[in-house]
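Take a look at the structure set out below.
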Amino acid sequence: MKRIAAIIRPFKLDDVSDALAGIGIRGMTVTEVTGFEQSKSHFQVYRGHAYTSDYIPKIKIEVVISDERLDDTLAAMIQGARTGKVGDGKIFVTGVSEVIRIRTGEMGDDACNPPFYCEVSAS
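According to our numbering, the residues represented by the sequence shown are 247 to 369, in order.
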């Protein structure tokens, strides 16, 4: 199994979600994150006060899939997230050695239902 973590622009979340649903991935973990990039600072307003920040708001999407679904999932994420401009984001793929469903104690592929998708919690 593989864990895919994608850092994307916030306004591309619906596009990525639709692209994943189009290949049968029905769930994901989504987290609002901020990151530091090489690009310029950006202007923000917080509680009526304007300031510039080096930290850029992004969205982190995480899914765990079978090895066989990796290429399709990556292609869907890239298709949904790409604008062609600097700052589109990154995708990280890591191996998953074990999955355990806490409620039932099922392990491995049995813990993922359906077998090609298993949601992971963001941390």
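Glycine included, each C-beta is placed from N, C-alpha and C at the ideal position.
Legend entry - Three-way DSSP call (helix, strand, coil) for E314 in this model: It is helical.
Inset, instruction - Answer yes or no: do E314 and I250 have a C-beta to C-beta separation smaller than 8 Å? - result: Going by C-beta atoms, E314 is not nearer than 8 Å to I250.
Legend entry - For K331 and R349, the rounded distance between their alpha carbons: Straight-line Cα distance between these residues: approximately 43 Å.
Legend entry - Residues sharing a beta bridge with R249, DSSP: In DSSP, R249 forms a bridge with V310 and T340.
Inset, instruction - Quick one: grab the DSSP three-state call for S263. - result: Taken through DSSP and simplified to helix, strand or coil, S263 comes out as helix.
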